[in-house]
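Numbering (the numbering used here), first residue to last: 509 to 792. Shown next, in structure tokens, is the structure this report addresses.
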Amino acid sequence: MGSAKVAELRTTKGKVIFIMGTTGSGKTKLSVDLALQFKGEIVNSDKIQVYRGGDIITNKASEIERRGIRHHLLGFIEDTDADFTTDDFCHHVQVSIKEIINRNSIPIIAGGSNSYIKALVEDPIINFRAKYDCCFLWLDASLLVIYAHVSRRVDQMVEAGVLHELRRMFVPGADYECGIRRAIGAREMDSYFMAEINNEDEITKKVLLEAGIKDIKENTCKLVDRQTEKIEHLKNELGWDMHRLDVTSVLQKSGKEAENAWTAFVLEPSLSIVGGFLNKDNEI
Numbered sequence: 509m510g511s512a513k514v515a516e517l518r519t520t521k522g523k524v525i526f527i528m529g530t531t532g533s534g535k536t537k538l539s540v541d542l543a544l545q546f547k548g549e550i551v552n553s554d555k556i557q558v559y560r561g562g563d564i565i566t567n568k569a570s571e572i573e574r575r576g577i578r579h580h581l582l583g584f585i586e587d588t589d590a591d592f593t594t595d596d597f598c599h600h601v602q603v604s605i606k607e608i609i610n611r612n613s614i615p616i617i618a619g620g621s622n623s624y625i626k627a628l629v630e631d632p633i634i635n636f637r638a639k640y641d642c643c644f645l646w647l648d649a650s651l652l653v654i655y656a657h658v659s660r661r662v663d664q665m666v667e668a669g670v671l672h673e674l675r676r677m678f679v680p681g682a683d684y685e686c687g688i689r690r691a692i693g694a695r696e697m698d699s700y701f702m703a704e705i706n707n708e709d710e711i712t713k714k715v716l717l718e719a720g721i722k723d724i725k726e727n728t729c730k731l732v733d734r735q736t737e738k739i740e741h742l743k744n745e746l747g748w749d750m751h752r753l754d755v756t757s758v759l760q761k762s763g764k765e766a767e768n769a770w771t772a773f774v775l776e777p778s779l780s781i782v783g784g785f786l787n788k789d790n791e792i
């Protein structure tokens, strides 16, 4: 086989980076860090963040956090009651990947909807691995530490005004099984907002508010469990080659210490892994 033909074979497959992990593990931060380093564009793989609005409750990256990086499939669905299915995701993400690669950029897929990622990569009709080489980064942490972290984050969301955001979304008798109302927080605050509408006394409302916030924290921890189980299934049962990065020490610290831990235990290893992946020729 001639050298030109060999070169052609080596460049037929694109390269795609996946950043996986539970809610609160730092997927957004790492995706932006890597995009800045490797001329990447980020494709959202969170099935709730595809909807417009609800920026606090869905934990969308702010404009400041995006740092000028182009994002795809983020807040692009106007109808917040519409159902964004697995098939919808697989269609849109493939379109985005082709657009990104055509701009000679690197697609970085980041988000917590692991069932959607599994469908994309494993579907025999899509045949994703025949078209793209994949690099999977897994941000993992001690469960007790991530539980504490996401619970603190719920308190921060309350301070940031998430109740006002949820109140604007609230509709009595709404379906919490579709659209943006699948977000943790919408169903949990239903009783509290109904108490407001019914002019219940302040003590009753206070009790319902505290119960709703407690439920948000508990259900977020349950989400962490489900996400972890799905990633372990992909790694252990389906044989995905996951590069595990332990963010436990990052979540246990704050301020400059957290940033230093992020650089040492997450960013620098990720830069090495992704750099090697991007520089490695496709196998013939």
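The beta carbon of each residue, even a glycine, is placed where N, CA and C say it ideally should be. Owing to the predicted nature of the structure, the values given are computational and were not obtained by experimental measurement.
If the five residues before and after residue 589 are omitted, its C-beta is found closer than 6 Å to the C-beta atoms of 687, all from its own chain and listed in chain order. Per DSSP, the continuous beta strand (DSSP E) segment holding residue 615 begins and ends at 614-618. Residue 647 is not a Cβ neighbour of residue 781, given a cutoff of 8 Å.
Beta-bridge annotation (DSSP): residue 550 is paired with 579 and 616.
Among the bridge pairs identified by DSSP, residue 752 is matched with 646. Residues of the same chain with a CB within less than 7 Å of the CB of residue 627, apart from the 5 flanking positions on each side, are 594 and 598 in chain order.
Apart from sequence neighbours up to five positions away, the residues of its chain that approach residue 761 with a beta-carbon distance below 7 Å are 769, ordered along the chain. Under the DSSP assignment, residue 527 falls in the beta strand (DSSP E) whose first and last residues are 522-529. For secondary structure counted as the beta strand (DSSP E) over 3 or more consecutive residues, the stretch 628-694 holds these complete runs in sequence order: 640-648.
The C-alpha of residue 676 lies about 11 Å from the C-alpha of residue 694.
In the DSSP assignment, residue 568 falls outside any alpha helix (DSSP H) and carries neither an H nor an E.
The stretch 537-553 and the stretch 731-751 do not touch, with fewer than 3 CB-CB distances between them shorter than 8 Å.
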